[in-house]
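S.K.: Residue numbers (my numbering): 204 to 303. Glycine included, every Cβ here is placed at the ideal spot set by N, Cα and C. On a predicted model such as this, the values are computed, not experimentally measured, just so you know.
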């Protein structure tokens with residue numbers, strides 16, 4: 204099983220430098236295992252719903268936390284913030300807005 208299939212944290216950030224800064228901050232606080240980085244909203248949705256390159260990832264392997272840049276290409280990031288309301292199996296998700 205690949206690590207991205209069991210991510211506890213989904214980081215959604217389109218800027219590689221900002222993603223690396225966030226990952227470094229998480230590592231400094233010993234939070235570095237089971238993190239998946241999605242570069243846009245489409246990839247984040249694919250991860251959450253097990254589609255695209257994440258096809259086959261089980262629903263029981265959803266992240267517990269989403270760290271989200273609200274200035275994302277392709278998909279309005281507010282869609283990601285509302286996922287827990289739209290789908291009962293996602294009620295446990297918590298989103299953290301990086302760019303409030």
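Check residue 268 in the structure and name its three-state DSSP category.
M.R.: Reduced to three states, the DSSP call for residue 268 is strand.
S.K.: Determine, using beta carbons only, whether residue 212 and residue 270 come nearer to each other than 8 Å.
M.R.: Cβ atoms of residue 212 and residue 270: closer than 8 Å.
S.K.: Which residue or residues does DSSP assign as beta-bridge partners of residue 213?
M.R.: DSSP lists 239 and 269 as partners of residue 213.
S.K.: Determine the closest residue to residue 240 out of 254, 225, 279 and 273, with distance taken between C-alpha atoms.
M.R.: Among 254, 225, 279 and 273, the Cα nearest to that of residue 240 belongs to 225.
S.K.: Measure the alpha-carbon distance for residue 230 versus residue 220 and round it to whole angstroms.
M.R.: For residue 230 and residue 220, the distance between alpha carbons rounds to 15 Å.
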